[in-house]
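This report concerns only the one structure given below.
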Amino acid sequence: MFQDMDKLCLGVIIMVLYVQLVISKYNWLEARFVLGSVGLLTIGMAFIVGAGLCSLFGLRYGPVHTSLPFLLMGLGVDDMFVIMACWEELTEEDKKLPIHEKVGMMLKHAGVSISITSLTDVIAFLIGASTILPCLESFCIYAAVCVFTIFLFAITFFVACFVLDEHRIAKKRNGVLPWIVLPDDYKPNECSQRNISNNIFRVLYSKVVLTTPGKIIVILISITCAAFATHSALKLEQKFDPKWFLPPGTHLAEYLKSKYQHYPESGFNAGLYMGALNYTEEIPKIRNAVDRLKNMTDVTAEVVSWVDPFRDFVHINFGPDIYTETLDEDRFRIFLSKFLNSPRHAKYQGNFVFNKELECGVPVPKIKLSVIDFNFHRFENPRDQIPAMHKVRNVAERANFTTGDREVIVWTKYFANWVTDELIDTEVIRNLQLALLCVMLCTIILIADWQTCFWIFVCVLITMVDVMGYMQRWGLTIDVVSCIGLELAIGLCVDYATHVGHTFLHIKEGTRRDRAIRTVSSIGSAVLYGGLSTFIGVSMMSLSNAYTFQSFFKIFFLVIIFGLFHGVVLLPVILSLVGPKPYKLHEAVPQTDS
């Protein structure tokens, strides 16, 4: 994280300026400099608390986790914008209420809206945490806890600071220097009182988007993009190379580049590891296992065994053939000692681990571990790597040792990546399906309108198809990093559509088209600002050379573009055509003495 601290600081500075532009009105009274800064402080506090809690319970903080501050910066600011938008949408009657009642009316809508989006985000991340991949599990838990703490701070700490800021406005204190009291006759300029963004949305949607030609164009664009994306998503490959994690220009990256350039046929080193066996009895079985490895010419490039040289050494110098004659323990240990201390065969000392130090001239101590070294061919993709891994593992399983601890395994450091490659396809599909299912169930429960939830689900599904399709065109593959990105993408694109759908249900007057126009006029700018804040947060990742940050930037750029289009453009078009009726609000019945 610390190597990218300069980018994080730059992102915070840009975000501070952006937040001030969005939530402030351009006059000395309603400039919300302190409130905007407190909003970003809230996100920092939430990250520290969330990361601290996860660390307290022993969850590891890995390289992928360094992207969390950038992501949370965008997600947290979104809650702030929704709260401010609902405050601006209070009716004239509500604005006459005392400050605490006005805040209650604001949270009546804003609280529900950010509760839905925060809960769906948390559930999406917790579903991702059910994976068997440790790094994905840890990241998703960190993200879920941090999003939840952002929600808690937003509805408590930020709202409390917002109330204090409203008291400041009521007392006519300067928005930048609050200790300065403005004159009693001070009036904000008329230009600052105009809600330009809401007016732009109202005109744009009433005159262009929600006209008949506009609706046709929006639907055709959505179908066309989804068709191209589906075609590309079917070509999405599952591939990962550990070298992608190395920053370009580093010594190790340059070394590996030169190595593969000058030695293109060099494969992956591995070993057949055997435990504390009775080697005098198991030598024939070890020889058979070595022969099977050598015969796998499509898998192994070279097998370096100590067994054949040891057999030749004993046969030439002492007579017995260890392949056909079982040596007693004492003779085997003295022969092995002479073999390992001979000038020609001392190189095999590294193939053994003894329970005591090896000494020249005395029998070898008891063997704890021995290894047969071999090299895999240089495989370029999982289609070759995974079958090769299973073939050599089958050799170990067929060794059938019956003495000692009977332990035998095949291992290489590359198996960590190959096993991940083997599981990641299934994990991605399973996690995305579960996340979509659970998120939509929560949306149904909280929004309480199945028709709206269905159209939200359609928008989310199309967005995910578009993201997966166009990330393939951008050169990304399915790996642990993109799997995490897609998990986060579900939570993000649900947010955009949910805000719009929830607001649509609260607008009671007018036709479907009128309600759709009022929806985007009231909440559309807040959703757009939230998407832009997320883009500002993740755009700092594009400045990094790290593969993790580059991948996240590409995925979230696509999520923001398609999520905003489907949530703020396509969904209002659908709701204007087949939208549900508004919520039925029960009026309070006055109490009487009778």
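Numbering (full-length UniProt numbering), first residue to last: 1 to 594.
Quick reminder that beta carbons are idealized off the backbone N, C-alpha and C, glycines included.
Put simply, the backbone Cα of M80 is about 38 Å away from that of E237. Per DSSP, the unbroken alpha helix (DSSP H) holding A124 starts and ends at 99-128. In the three-state reduction of the DSSP assignment, A399 falls in the coil class. For F318, same chain residues with a beta-carbon under 7 Å away, outside a window of 5 residues either side, are F335 in chain order.
Under the rule that a run must span 4 or more residues, the alpha helix (DSSP H) segments found entirely inside the region 188-269 read 196-204, 212-233, 251-262. For I132, the secondary structure class from DSSP, reduced to helix, strand or coil, is coil. Secondary structure note for N375: its beta strand (DSSP E) is the uninterrupted segment 367-376. In the DSSP secondary-structure assignment, T297 is not bridged to any residue. It is roughly 18 Å from the alpha-carbon of A85 to the alpha-carbon of M15. The criterion of a C-beta distance shorter than 8 Å is satisfied by I490 and L436. Beyond the five residues adjoining it in sequence on each side, S24 comes within less than 6 Å, by CB distance, of A31, R32 in the same chain, given in chain order. Counting along the chain, V408 sits inside the beta strand (DSSP E) bounded by residues 408-411. By a beta-carbon distance limit of 8 Å, A270 contacts V410. Their separation comes to about 6 Å. A direct Cα-to-Cα measurement between P178 and D184 gives close to 15 Å. By the C-beta criterion, the region 464-479 is judged to be in contact with the region 223-234, since at least 3 inter-stretch pairs fall below 8 Å. In the three-state scheme derived from DSSP, where H, G and I count as helix and E and B as strand, G510 is classed as coil. The alpha-carbon of T503 is positioned some 54 Å away from that of E254.
Taking C-beta separations shorter than 6 Å and ignoring five residues to either side along the sequence, the partners of N341 in its chain run C360, following chain order. When DSSP reads this structure, L272 sits in a beta bridge with I372, V410. If you draw a straight line from the Cα of K102 to the Cα of F153, it is about 20 Å long. Counting along the chain, F354 sits inside the beta strand (DSSP E) bounded by residues 352-354. Residue pairing from DSSP places R173 in a beta bridge opposite V181.
A distance below 8 Å between beta-carbons, with the five flanking residues on each side excluded, links L182 to the following residues of its chain, in chain order: W28, L29, K172, R173, N174. Between the alpha carbons of T452 and P580 lies a gap of roughly 7 Å. A direct Cα-to-Cα measurement between N351 and F552 gives close to 43 Å. Unbroken alpha helix (DSSP H) runs of no fewer than 4 residues, entirely contained in the region 11-66, are found at 33-56, following chain order. At a Cβ-Cβ threshold of 8 Å, Y61 and A46 do not count as neighbours. DSSP places V362 outside both helix and strand once states are collapsed to three, so it counts as coil.
With distances taken between CA atoms, R344 lies nearest to D312 out of V465, T402, D312. Setting aside the 5 residues that flank it on each side, I560 is surrounded in the same chain by G531, T534, F535, each with a C-beta closer than 7 Å to its C-beta; the list follows chain order.
Residue pairing by DSSP places E302 opposite N375 in a beta bridge. The region 142-160 makes no contact with the region 512-526, as fewer than three CB pairs between them are under 8 Å. In the structure shown, I555 adopts helical secondary structure according to DSSP, grouped into three states.
Going by beta carbons, L40 and F162 fall outside the 8 Å limit.
A distance below 8 Å between beta-carbons, with the five flanking residues on each side excluded, links V307 to the following residues of its chain, in chain order: I283, I286, R287, V290, I372. Straight through space, the alpha carbons of G524 and F201 are spaced by roughly 7 Å.
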